[in-house]
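Chains F and Z are the protein sequences, given in the same order. Just so we're aligned: the first sequence equals residues 1 to 327 in UniProt numbering. Just so we're aligned: the second sequence equals residues 1 to 327 in UniProt numbering. Down below is the structure, laid out as structure tokens.
2 protein chains.
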Amino acid sequence: MNGPTVSVSLNSPQFLARNSFISSSKLKTDTSRRSLGICKCVSSPPAEQTAYTTKVSRNANMAKLQAGYLFPEIARRRAAHLLKYPDAQVISLGIGDTTEPIPDIITNAMAERACALSTVEGYSGYGAEQGEKKLRSAIASAYYKDLGIDESDIFVSDGAKCDISRLQVLFGSSVKIAVQDPSYPAYVDSSVIMGQTGLYENQRYSNIEYMRCDPQNGFFPDLSLISNADVIFFCSPNNPTGSAATREQLTQLVQYAKKTGSIIVYDSAYAMYISDDCPRSIFEIDGAKEVAIETSSFSKYAGFTGVRLGWTVVPKELLFSDGFPVA
Amino acid sequence: MNGPTVSVSLNSPQFLARNSFISSSKLKTDTSRRSLGICKCVSSPPAEQTAYTTKVSRNANMAKLQAGYLFPEIARRRAAHLLKYPDAQVISLGIGDTTEPIPDIITNAMAERACALSTVEGYSGYGAEQGEKKLRSAIASAYYKDLGIDESDIFVSDGAKCDISRLQVLFGSSVKIAVQDPSYPAYVDSSVIMGQTGLYENQRYSNIEYMRCDPQNGFFPDLSLISNADVIFFCSPNNPTGSAATREQLTQLVQYAKKTGSIIVYDSAYAMYISDDCPRSIFEIDGAKEVAIETSSFSKYAGFTGVRLGWTVVPKELLFSDGFPVA
Chain F
1 MNGPTVSVSL
11 NSPQFLARNS
21 FISSSKLKTD
31 TSRRSLGICK
41 CVSSPPAEQT
51 AYTTKVSRNA
61 NMAKLQAGYL
71 FPEIARRRAA
81 HLLKYPDAQV
91 ISLGIGDTTE
101 PIPDIITNAM
111 AERACALSTV
121 EGYSGYGAEQ
131 GEKKLRSAIA
141 SAYYKDLGID
151 ESDIFVSDGA
161 KCDISRLQVL
171 FGSSVKIAVQ
181 DPSYPAYVDS
191 SVIMGQTGLY
201 ENQRYSNIEY
211 MRCDPQNGFF
221 PDLSLISNAD
231 VIFFCSPNNP
241 TGSAATREQL
251 TQLVQYAKKT
261 GSIIVYDSAY
271 AMYISDDCPR
281 SIFEIDGAKE
291 VAIETSSFSK
301 YAGFTGVRLG
311 WTVVPKELLF
321 SDGFPVA
Chain Z
1 MNGPTVSVSL
11 NSPQFLARNS
21 FISSSKLKTD
31 TSRRSLGICK
41 CVSSPPAEQT
51 AYTTKVSRNA
61 NMAKLQAGYL
71 FPEIARRRAA
81 HLLKYPDAQV
91 ISLGIGDTTE
101 PIPDIITNAM
111 AERACALSTV
121 EGYSGYGAEQ
131 GEKKLRSAIA
141 SAYYKDLGID
151 ESDIFVSDGA
161 KCDISRLQVL
171 FGSSVKIAVQ
181 DPSYPAYVDS
191 SVIMGQTGLY
201 ENQRYSNIEY
211 MRCDPQNGFF
221 PDLSLISNAD
231 VIFFCSPNNP
241 TGSAATREQL
251 TQLVQYAKKT
261 GSIIVYDSAY
271 AMYISDDCPR
281 SIFEIDGAKE
291 VAIETSSFSK
301 YAGFTGVRLG
311 WTVVPKELLF
321 SDGFPVA
């Protein structure tokens, strides 16, 4: 497995699985429609034009998605660069995946639990909706010790990416989000799908705040440039740049959210790669529990992207404007 | 495990897991707010009133949900009935779950696959987004043989309930749905969350077509009463009534959808309980591939609700009004 600056994943197949395949078939169909256009002069219409269609309109938000463009564009730029500099050692920031077998202490436990389902004592039907209490307690004590997060604040899931989309469903279509630029596409794509944005023009969606993060600002955004944002997605160490925010920077972020009333969705999927004093959790910052959600995953921690296991922390202190708890 | 008329589940915890816990905490919070109201006359406000709140508004669609009401209401009616008829043998149509251990031919395969993840040959990271081809082929040949459905039409998932919500995200907020009445609450709740409905009044949401199914109409709705619906959710055998639609009835349903341009979402989660000539799949009906999606699950087939494995069939013949494929 590689370090965060070389293999953090820009995207991966599980994000809104239904939408991933929609995007790929969209690409395919756009092509076929283009060729239909070319055939316009033919007297009898092609078979496709006479096919039965329902009267249900396609979701306009889905139609805004540009998901098919990212990876072909990366491939195009990579090829162009290699043509110009044939000896360049290109570091791919495309889909990052794990490649090493999982330690058997994990898989043996998985196998044991599977086999237990064939016994009267070990069988269980529907699981606890928030995740097993034992696992939630273990996550709370292993990752949030002394931070005031307990098992009731933790929600186990099939991965941080899936939870990001679920959080967007929870927030609904009326919020405006801010994202680091560059950032992991899942924040933006889920925002588009939920109808929070306008159309895609000049490589940006309208009604999203793109917070520039580059070498000039040490990969930490100038928060004073945000005109307004209800929800700020912040990933540290950042995917794809690998930059981890310092304690001072995260304190600034939490204070900004507190001042503006925004909610931070903090993605700590790569936190295990931090080896210096940078915080591994947003909840290391004073007051974060009133303004932040943290989403994380074992995909990179334990190297099992395909197993799908993650969690999200929604502190009971986090409240909507009407005082209603977010969790 | 019981037959469909006695234990089909009205609801279960995995449906939009995030929303389930939202509902339960909502109930809890409503109660605490009510007691705040009682305390109005106290001079200093209770501690809760001074808590910091973000400026993010609660999603108005989430606020419409009545999810906390169903099961307490079932419990209330059950208790009232038993008070009146103490010797009654009440059949609970509340949450239905499986109770018997899973055959070890299944769990051994699960254990074997888990252990293989610790080997170089057996390790895999992110899986195929549509599900493993081998499994999709097996589903196609086992359940859709000679029906013109192939593996490319099948999308493997963590269960039919989860797929119902994903389908609603795909359809978006502008569609109007129709549901059998009574029906499994997931269709309605996901519609509310997506913003397809109005408020809940007189035990109904506005902008949903409730298709009455009762002994008078043989549990099959009078389709001529539907004023308009983009998406018709139809569950057979029905949850909770257990009634399975006949071939003639389903032919009528498909012809109706074809006439009106609607899309049918056919829930066949209980199809394995059918022992007579009633179709087990909507795709046994001529022309269904152009108007229907079918969602199903191993939860009841194989009796492992907690394992989470289902699939949805989206035929390539199913097109939106602009000719764009739904899949």
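Glycine residues also receive a C-beta, built at the ideal position from the N, C-alpha and C atoms.
Between residue i and residue j, how many whole angstroms is the CB-CB distance? I'm expecting something under 8 Å.
i, j, result
"CYS213 of chain Z", "THR251 of chain Z", "Not quite, the Cβ-Cβ distance comes to about 17 Å (not below 8 Å), so this is no contact."
"TYR164 of chain F", "ALA186 of chain F", "This sequence places Ile at residue 164 of chain F; Tyr is not what is there. Confirmed, Cβ separation roughly 5 Å."
"SER190 of chain F", "GLN168 of chain F", "4 Å"
"PHE233 of chain F", "VAL265 of chain F", "5 Å"
"SER174 of chain Z", "SER57 of chain F", "7 Å"
Determine the burial state of residue i: buried for a count of at least 16 other Cβ atoms within 10 Å of its Cβ, exposed for fewer.
i, result
"GLU248 of chain F", "exposed"
"SER297 of chain Z", "buried"
"ILE91 of chain F", "exposed"
"LYS289 of chain F", "buried"
"ILE38 of chain Z", "Reliability of the predicted coordinates at ILE38 of chain Z is poor, the pLDDT of 34 falling under 50, and no value is obtained from them."
"GLN216 of chain F", "exposed"
"LYS176 of chain Z", "buried"
"THR54 of chain F", "buried"
"residue 360 of chain Z", "Nothing about residue 360 of chain Z can be read from this structure; chain Z reaches only from 1 to 327."
"PRO315 of chain Z", "buried"
"VAL120 of chain F", "exposed"
"SER44 of chain Z", "Residue confidence for SER44 of chain Z is low, a pLDDT of 45 falling below 50, so the modelled location carries little weight; the figure read from the coordinates is stated next. Classification for SER44 of chain Z: exposed."
"GLU151 of chain Z", "buried"
"THR312 of chain F", "buried"
"residue 331 of chain Z", "Here chain Z has residues from 1 to 327 only, and residue 331 of chain Z is not among them."
"ALA109 of chain Z", "exposed"
Between residue i and chain A, is there a C-beta pair that is closer than 8 Å?
i, result
"THR53 of chain Z", "Looking for chain A here will not work: the only protein chains present are F and Z."
Alpha carbon to alpha carbon, what distance is there between residue j and residue i?
i, j, result
"ILE102 of chain Z", "ALA114 of chain F", "9 Å"
"SER141 of chain Z", "VAL254 of chain F", "54 Å"
"ALA116 of chain Z", "GLY306 of chain F", "13 Å"
"ALA60 of chain F", "GLY198 of chain F", "10 Å"
"LEU225 of chain Z", "ILE263 of chain Z", "17 Å"
"ILE208 of chain Z", "ILE193 of chain Z", "13 Å"
"MET62 of chain F", "THR295 of chain Z", "21 Å"
"SER321 of chain F", "VAL231 of chain F", "13 Å"
"TYR85 of chain Z", "ASN238 of chain Z", "28 Å"
"GLU112 of chain F", "ILE106 of chain F", "10 Å"
"ASN299 of chain F", "GLN180 of chain Z", "According to the sequence shown, residue 299 of chain F is Ser rather than Asn. Rounded to whole angstroms, SER299 of chain F to GLN180 of chain Z spans 41 Å at the Cα level."
"ALA245 of chain Z", "LYS258 of chain Z", "18 Å"
"LEU318 of chain Z", "PHE283 of chain Z", "12 Å"
"GLY310 of chain F", "LEU135 of chain F", "11 Å"
"ASN228 of chain F", "ALA88 of chain F", "41 Å"
"VAL156 of chain Z", "GLN130 of chain Z", "6 Å"
"GLY69 of chain F", "GLU100 of chain Z", "Gly is not the amino acid found at residue 69 of chain F; the sequence shown has Tyr there. Going by the C-alpha atoms only, they are around 48 Å apart."
"CYS162 of chain Z", "HIS81 of chain F", "43 Å"
"PHE171 of chain F", "GLN196 of chain F", "10 Å"
"ALA327 of chain F", "ILE154 of chain F", "10 Å"
"PRO325 of chain F", "LYS133 of chain F", "21 Å"
"GLY323 of chain Z", "GLU73 of chain Z", "44 Å"
"ILE274 of chain Z", "TYR144 of chain Z", "16 Å"
"ARG166 of chain F", "TYR270 of chain F", "20 Å"
"SER124 of chain Z", "ARG308 of chain F", "12 Å"
"TYR126 of chain F", "THR98 of chain Z", "8 Å"
"ILE285 of chain Z", "CYS235 of chain Z", "15 Å"
"ASP267 of chain F", "SER243 of chain F", "13 Å"
"ALA302 of chain F", "MET272 of chain F", "10 Å"
Between which two residues does the alpha helix (DSSP H) carrying residue i extend?
i, result
"TYR187 of chain F", "185-193"
"CYS278 of chain Z", "Counting along the chain, CYS278 of chain Z falls outside any alpha helix (DSSP H), and DSSP gives it neither H nor E."
"ALA140 of chain F", "133-143"
"SER157 of chain F", "First-last for SER157 of chain F: 154-157, but that is the beta strand (DSSP E), not the alpha helix (DSSP H)."
"GLU121 of chain Z", "Per DSSP, GLU121 of chain Z belongs to no alpha helix (DSSP H) and is neither H nor E."
"LEU225 of chain Z", "Premise fails: LEU225 of chain Z is in no alpha helix (DSSP H) and is neither H nor E."
"SER165 of chain F", "160-171"
"GLU248 of chain Z", "247-260"
Starting from residue i, trace the beta strand (DSSP E) in both directions and tell me its first and last residue.
i, result
"residue 344 of chain F", "As displayed, chain F neither begins before 1 nor continues past 327, which places residue 344 of chain F out of reach and without an answer."
"ASP146 of chain F", "Where ASP146 of chain F is concerned, there is no enclosing beta strand (DSSP E), given that its DSSP letter is neither H nor E."
"VAL179 of chain F", "177-181"
"PHE234 of chain F", "231-235"
Taking 7 Å as the cut-off, is the CB of residue i close to at least one heavy atom of the ligand MG?
i, result
"PRO72 of chain F", "The ligand MG is not among the ligands present in this structure, which contains no ligands whatsoever."
* Which ranges does the beta strand (DSSP E) cover as unbroken runs of at least 3 residues, wholly within the region 57-102 of chain F, from first to last along the chain? -> Taking 3 residues as the shortest admissible run, the region 57-102 of chain F contains no complete beta strand (DSSP E) segment at all.
* Taking the runs of the beta strand (DSSP E) that are 3 residues or longer, which of them lie wholly in the region 262-320 of chain F? -> Segments of the beta strand (DSSP E) lying fully in the region 262-320 of chain F: 263-267, 292-297 and 310-313.
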